[in-house]
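Chemist:
In my numbering, the protein residues as written are 22 to 196.
1. Rounded to the nearest angstrom, what separates residue 197 and residue 23 at their Cα positions?
2. May I ask which residues mark the beginning and end of the alpha helix (DSSP H) holding residue 27?
3. Could you give the residue range of the alpha helix (DSSP H) that holds residue 62?
4. State the start and end residues of the unbroken alpha helix (DSSP H) segment that holds residue 168.
5. Would you say the stretch 72-81 touches the stretch 91-102, given that touching needs at least three Cβ pairs under 8 angstroms?
6. Does DSSP put residue 190 in a helix, a strand or coil?
7. Taking 7 angstroms as the limit between beta carbons, can you name the residues of its chain near residue 82, skipping five residues before and five after?
8. Assign residue 85 to buried or exposed, taking buried as 16 or more other Cβ atoms, counted over all protein chains shown, within 10 Å of its Cβ.
9. Between which residues of its own chain and residue 27 is the CB-CB distance below 8 angstroms, once the five residues before and five after are set aside?
10. Would residue 167 pass as a contact of residue 60 if the rule is Cβ separation under 9 angstroms?
11. Under a Cβ-count criterion, where at least 16 other Cβ atoms within 10 Å of its own Cβ denotes burial, should residue 143 be classed as buried or exposed?
12. Residues in its own chain within less than 7 angstroms of residue 151 by CB, not counting five upstream and five downstream?
13. With burial defined as no fewer than 16 other Cβ atoms inside 10 Å of the residue's Cβ, what is the status of residue 64: buried or exposed?
14. For residue 181, count neighbouring Cβ atoms within 10 angstroms of its own Cβ and tell me buried if that reaches 16, exposed if not.
15. Helix or strand or just coil, what does DSSP make of residue 72?
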């Protein structure tokens with residue numbers, strides 16, 4: 022068989038992750054799932070599954086083969102149902118460089134400045150779900166990556182002290 026697209030149901034172990042990366046490097050489109058919180062956590066998890074001696078090589082391979090990361094959380098929607106909040110990371114040359122240089126701790130700030138590429142932090146999506154009245158404050162805060170900062174942002178918004186980015190009703194507000 023010679024597939025163009027491969028779906029890896031869950032990348033739990035070294036062999037599965039290594040096979041997915043190899044397939045991506047050989048020109049296949051690979052979709053895979055991991056249980057992580059956020060794009061940065063996904064990149065770190067993939068790298069950390071490898072032995073220390075291979076991590077530099079994997080960083081390089083990831084930086085050239087990964088296209089993007091979509092991280093989602095499902096929340097109860099008012100008055101009923103579910104709604105998705107998502108974080109989107111698009112691999113740009115700058116982000117590929119962060120992965121290669123083991124600076125994944127800077128991915129979240131790169132996402133913040135990458136809105137023009139369609140990027141969005143999970144906490145921004147959660148804030149917008151709350152602001153648009155789609156989800157309860159508690160549900161949003163519990164699922165936040167940086168819950169303390171998200172809670173403070175919601176408190177500022179309740180007082181009418183929105184930041185410029187909070188007032189921006191861009192295309193990603195409905196998560």
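Quick reminder that beta carbons are idealized off the backbone N, C-alpha and C, glycines included.
Modeler: Judging by the given coordinates:
1. The structure shown does not extend to residue 197, since the chain is modelled only from 22 through 196, so no value can be given for it.
2. No alpha helix (DSSP H) holds residue 27; the beta strand (DSSP E) holding it covers 26-29.
3. Counting along the chain, the alpha helix (DSSP H) containing residue 62 begins and ends at 59-69.
4. Per DSSP, the continuous alpha helix (DSSP H) segment holding residue 168 begins and ends at 168-179.
5. In short, these stretches do not touch, since the Cβ pair count stays below three.
6. Bear in mind that a pLDDT of 45 at residue 190, under 50, signals an unreliable position, so the number given afterwards is only what the model happens to contain. If DSSP states are grouped into helix, strand and coil, residue 190 belongs with coil.
7. Excluding sequence positions up to five before and after residue 82, its CB lies within less than 7 angstroms of the CB of 42 and 46, all in the same chain and listed in chain order.
8. Around the beta carbon of residue 85, a 10 Å sphere encloses fewer than 16 other beta carbons of the protein chains shown; the residue is thus reported as exposed.
9. Excluding sequence positions up to five before and after residue 27, its CB lies within less than 8 angstroms of the CB of 41, 44, 49, 50, 51 and 52, all in the same chain and listed in chain order.
10. Not a contact, by the Cβ cut-off of 9 angstroms.
11. Residue burial annotation: residue 143 is buried, with at least 16 other C-beta atoms found within 10 angstroms of its C-beta.
12. Taken in chain order, the residues that qualify are 158, 161 and 175.
13. With 16 or more other Cβ atoms within 10 Å, it is buried.
14. Residue 181 should be labelled exposed.
15. If DSSP states are grouped into helix, strand and coil, residue 72 belongs with coil.
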